[in-house]
Amino acid sequence: MKKLRNNPKPILLTLLSNWIIAPLVTAGLANLFLKGNEQLMVAVILLGASPCTAMVLVWGKLAEGNQEQNVVNTSLNTITIMVLYVPMVSLLTGIQGIPIDRGLLAISAFVFIGIPLVFGVVTKKLVIRAKGERWFENVYRPAVGTIAIGALLMTLIVLFSLNGQVLLHNFKALLLVSVPLLLGFGIVVGYNLLVTKLSGLAYREAIITVIIGSSSHFEIAIATAIAIYGVGSYAALGTTMGLFWEVPVMLSLVALGKTLQRRAFWAKDTEKVALVPSSE
């Protein structure tokens with residue numbers, strides 16, 4: 002929280018995008034393009050109401066953004082998603098008149114966010130107690146990071162294999178759900194580019210704000226869709242398409258950010274500092 006008090010602007014802008022702008026934009030687009038297909042509407046809503054807590058660390062590193070801000074933001078997202086995910090999805094689906102099982106929503110958030118969070122905190126304390134903080138930072142964290150990338154790739158393979166037949170036999174549905182997903186990405190990214198510029202953020206802070214504020218936690222969205230509607234459902238198909246599009250979109254955003262940096266779109270970085278200056 003000390004980091005938040007010292008430099009709140011990028012953090013607050015990200016939270017605003019994650020929990021107000023993105024959910025409302027995606028819900029509105031779902032209603033506009035998918036009216037009558039409740040499962041696809043729910044898929045888009047699930048993606049819009051679940052800010053990313055994992056892959057943004059990779060995108061932020063590729064973009065050479067402020068990684069300390071990245072960690073602070075993803076940590077806050079992990080906490081806020083535990084509190085806001087269920088009521089936000091319930092609110093947006095309720096407005097659309099779509100019934101949804103809040104119990105399964107809560108279980109999904111607990112299993113895919115809560116348990117890993119607790120496990121991570123406990124593991125960090127145990128490892129530091131046994132080996133020291135230097136060993137944790139220099140040995141354990143890089144090793145776990147490598148494993149995490151492999152685990153993510155395996156997750157993607159499993160998810161696409163589970164929904165492969167549905168994807169192949171429902172091409173029209175794929176195109177249908179892709180329209181609000183891609184439009185949603187474009188609108189939210191455009192919004193975040195604009196507000197970071199108007200707020201006077203420098204590139205390293207701005208690009209992290211744009212990346213985190215525009216991304217989705219596709220794992221929990223897919224898991225929730227499968228838990229409620231089953232493997233092979235239209236909801237699972239829709240959330241899987243969110244994953245399909247997010248990777249190339251975020252890579253494109255990284256490239257766009259670097260191009261805008263070269264063209265001095267954001268305020269100039271006077272020095273490459275962390276979110277909070279270190280004390281000597």
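Residues in the sequence shown are numbered consecutively from 2, following this note's numbering. Note that CB positions come from ideal geometry on N, CA and C, so glycine has one too. Every value quoted in this text rests on a predicted model; they were computed, and no experiment measured them.
So which of the options has the shortest CA-CA distance to residue i?
i, options, result
"Gly290", "Glu69, Ile80, Gly49, Trp20", "The structure shown does not extend to residue 290, since the chain is modelled only from 2 through 281, so no value can be given for it."
"Gln262", "Lys36, Leu58, Glu65", "Glu65"
"Thr27", "Val84, Glu69, Ile188", "Ile188"
"Ala23", "Val128, Cys53, Phe245, Pro117", "Cys53"
"Pro117", "Lys36, Leu63, Trp246, Ala55", "Ala55"
"Trp60", "Ala226, Val122, Ile212, Leu93", "Ile212"
"Val178", "Ile148, Gly239, Val159, Gly146", "Gly239"
"Ala228", "Ile148, Gly104, Val255", "Gly104"
"Ile158", "Ile101, Gly146, Glu220, His170", "Glu220"
"Val45", "Arg130, Leu25, Val145", "Leu25"
"Asn8", "Ala207, Leu252, Lys36", "Ala207"
Taking DSSP as the reference, what is the three-state secondary structure of residue i?
i, result
"Leu17", "helix"
"Ala31", "helix"
"Ala268", "strand"
"Ala203", "strand"
"Pro278", "Its pLDDT being 42, under 50, Pro278 is placed unreliably in this model, and the coordinates cannot settle the point."
"Gln97", "coil"
"Lys36", "coil"
Is the beta carbon of residue i less than 8 Å from the beta carbon of residue j?
i, j, result
"Ser215", "Leu14", "no"
"Ser109", "Ala224", "yes"
"Val57", "Asn71", "yes"
"Leu1", "Val90", "Since the first residue of the chain shown is 2 and the last is 281, residue 1 is not available in this structure."
"Gln40", "Tyr235", "yes"
"Leu195", "Ala268", "no"
"Gly49", "Ser217", "yes"
"Gly243", "Leu182", "yes"
Please tell me whether, using a cut-off of 7 Å, the distance from the CB of residue i to the nearest non-hydrogen atom of the ligand PLP is below it.
i, result
"Lys125", "In the structure on display, the ligand PLP does not appear, and there are no ligands present to speak of."
I believe residue i touches residue j by the beta-carbon criterion, under 8 Å. Please report the beta-carbon distance rounded to the nearest angstrom.
i, j, result
"Tyr192", "Ser18", "7 Å"
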